[in-house]
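The sequence shown begins at 217 in my numbering and counts up one residue at a time.
For glycine and all other residues, C-beta sits at the position ideal for the given N, C-alpha and C.
Remember, it's a predicted structure, so these values are computed and weren't measured experimentally.
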Amino acid sequence: MTANSPADNSATKTDVLLIGGGIMSATLGAFLKQLQPDWDISLYERLDRAGLESSDPWNNAGTGHAALCELNYSPAAADGSVDPAKAVGINEQFQVSRQFWSHLVSAGHISNNFINPLPHMSFVWGDAHSEYLRRRYESLSAQPLFKTMEFSEDPAKLAEWAPLIMEGRDPSQRVAASRVAGGTDVDFGALTRELTNYLGANGVNLHFGHEVGNVSRSSTGGWDVKVKDRASGTTRTVSARFVFIGGGGGALHLLQASGIPEGKGFGGFPVSGQFLRSTDESIISRHNAKVYGQASVGAPPMSVPHLDTRFVNGKRSLLFGPYGGFSPKFLKTGSYLDLPLSVRPSNLVPMLGVAKDNMSLVKYLVTEVMKTREGKTQALQEFMPSAKTEGWDLITAGQRVQVIKKDPKKGGVLQFGTELITAADGSIGALLGASPGASTAPPIMINLLKRAFPRQFDGWEPKIKEMIPGYGVKLNENEQLAAEIEADTNKVLGLS
217 MTANSPADNS
227 ATKTDVLLIG
237 GGIMSATLGA
247 FLKQLQPDWD
257 ISLYERLDRA
267 GLESSDPWNN
277 AGTGHAALCE
287 LNYSPAAADG
297 SVDPAKAVGI
307 NEQFQVSRQF
317 WSHLVSAGHI
327 SNNFINPLPH
337 MSFVWGDAHS
347 EYLRRRYESL
357 SAQPLFKTME
367 FSEDPAKLAE
377 WAPLIMEGRD
387 PSQRVAASRV
397 AGGTDVDFGA
407 LTRELTNYLG
417 ANGVNLHFGH
427 EVGNVSRSST
437 GGWDVKVKDR
447 ASGTTRTVSA
457 RFVFIGGGGG
467 ALHLLQASGI
477 PEGKGFGGFP
487 VSGQFLRSTD
497 ESIISRHNAK
507 VYGQASVGAP
517 PMSVPHLDTR
527 FVNGKRSLLF
537 GPYGGFSPKF
547 LKTGSYLDLP
557 LSVRPSNLVP
567 MLGVAKDNMS
577 LVKYLVTEVM
587 KTREGKTQAL
597 QEFMPSAKTE
607 GWDLITAGQR
617 VQVIKKDPKK
627 GGVLQFGTEL
637 ITAADGSIGA
647 LLGASPGAST
657 APPIMINLLK
667 RAFPRQFDGW
677 EPKIKEMIPG
687 YGVKLNENEQ
697 LAAEIEADTN
707 KVLGLS
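Okay, structure coming up:
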């Protein structure tokens, strides 16, 4: 204990302690308030308000990830075929999110200002990519959840859908696009703050500007969580029956500190990024879609280039990116020591295995870091041929810590996505990873509830089904129910 960090010996007790003020903790808190309103819940966030790291709209793509436009969710097999299963699964998860959000809006707990209707498009050029996109369209449009998908190689139709991607383009270049008009743009920062405001108004103890330094087993079988007030320097210990580590990139260190065997062997590979943001209102007003392309060879899935309309705090904007980069920080406001301090004997082999097998990723990141502003503009011009360097600001996006986990054959693998980890006794859970996390936070948190509270879950299920009418049903196999739910959620969320 340093002189600047006086101890507060008045230990606090709580039933549930949420670490991190992002979309995951806020979603879990909202579920528990609905399911078990008598439980005492406390939330601790190191920054001064909720949703400022990965949940912040300038730190993520804001895509309501339903696999409508993201090509990495439906890659081509060796024979050229496209399996729709993963895309359908992600879409099913997003339908759960829409239903949960709709329930909270209908109940008056949150507003629907965080979500806007916006078409989702995939756009490619060249013969090979165009043929792939056609096969993808044929595969996905046969699925009920994707039946409204359109496809075209007609330059005039593409110019109608998104004029900026066709203006000034070489007419001899083969292009193709698919489009789903019923996509969404989600301001996850605004949603996170809506949820935390609801929690705070309903008895949850919100502690902003408080940093969790350690998580350890208590003598009673629960957890002792060391918390520091960043303003005063005061530290105290909070005892909790259940702890959720939802601190984004900061989750790995606290998972390691917990010492649970289920958390051993995990590592993190941080990837940073930048976006170009238009400052020209005449350009911003002419684009109305999220347009995703193909990732570069060796690029991580979260670096798929896209030209996106965004709505941030109700204001329309236009972004292009991301441009990949590398920083050893695990949070945008983190420390340069985050990566080296995460190395443990249990994860050294997996991390070395990933380093050995991902040289193409390293090459990609080095190339991106060395890219000049002119090079960034050239990448933008592949999507928007008429773009100029002037009229675009370069902004820094959030950090994404990709999951490194053990693999019996390779030693370790780099996993793109999310990983939910819980102790055998269900007393602690942690979420690692990135996209499509925010969009699928409700189904992820339902999974956590099932694993962490098995004795209570059966009693909660009727309420969950009330909140989420399609819970437990594969909507892609129940077209009538899917249509009813879509119509209802569109109305409640203001999407139709």
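When the options are compared against residue i, the one with the closest alpha-carbon
{"i": "S448", "options": "G425, N288 and K548", "result": "G425"}
{"i": "P556", "options": "L709, Y580, G484 and F491", "result": "G484"}
{"i": "A344", "options": "I331, G550, A372 and G296", "result": "G296"}
{"i": "Q490", "options": "T588, Y289, T436 and G569", "result": "T588"}
{"i": "L349", "options": "A393, L709, G466 and F536", "result": "A393"}
{"i": "G628", "options": "G416, V565 and P371", "result": "V565"}
{"i": "L468", "options": "K621, P371, P601 and Y414", "result": "K621"}
{"i": "V559", "options": "N574, Y539 and G481", "result": "G481"}
{"i": "P253", "options": "Y414, T634, K626 and K545", "result": "Y414"}
{"i": "A720", "options": "D272, E354, P360 and A242", "result": "Not covered by the structure: residue 720. The range shown for the chain is 217 to 712."}
{"i": "E598", "options": "L636, E702 and V507", "result": "V507"}
{"i": "I660", "options": "E308, P273 and K548", "result": "E308"}
{"i": "A613", "options": "I662, L374 and L547", "result": "L547"}
{"i": "K604", "options": "T230, M365 and E383", "result": "E383"}
{"i": "E715", "options": "A375, R395 and L356", "result": "A query on residue 715 cannot be resolved here, the shown segment of the chain reaching from 217 to 712 and no further."}
Helix, strand or coil at residue i [DSSP, three-state]
{"i": "F536", "result": "strand"}
{"i": "V420", "result": "coil"}
{"i": "A219", "result": "Any reading at A219 is ruled out, since the residue's pLDDT is 38, under 50, leaving its predicted position unreliable."}
{"i": "D231", "result": "strand"}
{"i": "A646", "result": "strand"}
{"i": "F527", "result": "strand"}
{"i": "N225", "result": "With a pLDDT of 49 at N225, under the threshold of 50, the predicted position of this residue should be treated as unreliable, though the coordinate-derived value follows. Three-state DSSP puts N225 in a strand."}
{"i": "T549", "result": "coil"}
{"i": "R446", "result": "coil"}
{"i": "I620", "result": "strand"}
{"i": "G541", "result": "strand"}
{"i": "H522", "result": "strand"}
{"i": "D440", "result": "strand"}
{"i": "V396", "result": "strand"}
{"i": "L709", "result": "coil"}
{"i": "I680", "result": "helix"}
{"i": "T605", "result": "coil"}
{"i": "V689", "result": "coil"}
{"i": "A698", "result": "helix"}
{"i": "N413", "result": "helix"}
{"i": "E511", "result": "In the sequence on display, residue 511 carries Ala and not Glu. DSSP places A511 in coil when its eight states are reduced to three."}
{"i": "P652", "result": "coil"}
First through last residue of the beta strand (DSSP E) which encompasses residue i
{"i": "Y508", "result": "K506 to Y508"}
{"i": "T451", "result": "T451 to I461"}
{"i": "P486", "result": "G483 to S494"}
{"i": "L630", "result": "G627 to Q631"}
{"i": "D401", "result": "T400 to V402"}
{"i": "L610", "result": "W608 to T612"}
{"i": "I637", "result": "T634 to T638"}
Residue-chain proximity (residue i, chain D), Cβ-Cβ < 8 Å
{"i": "P601", "result": "Among the protein chains of the structure shown there is no chain D, as only one such chain exists."}
Where residue i falls, given that 16 or more other Cβ within 10 Å makes a residue buried
{"i": "V428", "result": "buried"}
{"i": "K592", "result": "buried"}
{"i": "D386", "result": "exposed"}
{"i": "E682", "result": "exposed"}
{"i": "D609", "result": "exposed"}
{"i": "R502", "result": "exposed"}
{"i": "P624", "result": "exposed"}
{"i": "M602", "result": "Note that residue 602 is Ser in the sequence shown here, rather than Met. The residue in question, S602, is exposed, as its Cβ has fewer than 16 Cβ neighbours within 10 Å."}
{"i": "V570", "result": "buried"}
{"i": "E261", "result": "buried"}
{"i": "V582", "result": "exposed"}
{"i": "G479", "result": "buried"}
{"i": "G716", "result": "The structure shown has nothing for residue 716, since the chain only spans 217 to 712."}
{"i": "A311", "result": "Checking the sequence shown, residue 311 turns out to be Gln, not Ala. Buried, because 16 or more other Cβ atoms sit within 10 Å of the Cβ of Q311."}
{"i": "R671", "result": "exposed"}
{"i": "K572", "result": "exposed"}
Boundaries of the alpha helix (DSSP H) in which residue i is found, first to last residue
{"i": "D343", "result": "D343 to L356"}
{"i": "S498", "result": "E497 to I500"}
{"i": "I239", "result": "I239 to L251"}
{"i": "I476", "result": "Counting along the chain, I476 falls outside any alpha helix (DSSP H), and DSSP gives it neither H nor E."}
{"i": "V431", "result": "Premise fails: V431 lies in the beta strand (DSSP E), H426 to R433, not in any alpha helix (DSSP H)."}
{"i": "S558", "result": "Element bounds for S558: n/a, residue is neither H nor E."}
{"i": "L581", "result": "M575 to M586"}
{"i": "N663", "result": "A657 to A668"}
{"i": "Q615", "result": "Counting along the chain, Q615 falls outside any alpha helix (DSSP H), and DSSP gives it neither H nor E."}
{"i": "T593", "result": "R589 to F599"}
Every unbroken beta strand (DSSP E) within the stretch 254-340, with a cutoff of 3 residues, ordered by chain: As summarised for the stretch 254-340, the continuous beta strand (DSSP E) elements at least 3 residues long and confined to that stretch are 257-261 and 331-333, given in chain order.
Complete runs of the alpha helix (DSSP H) confined to the stretch 360-394 [at least 4 residues]: Whole alpha helix (DSSP H) segments, 4+ residues: 371-377 and 379-382.
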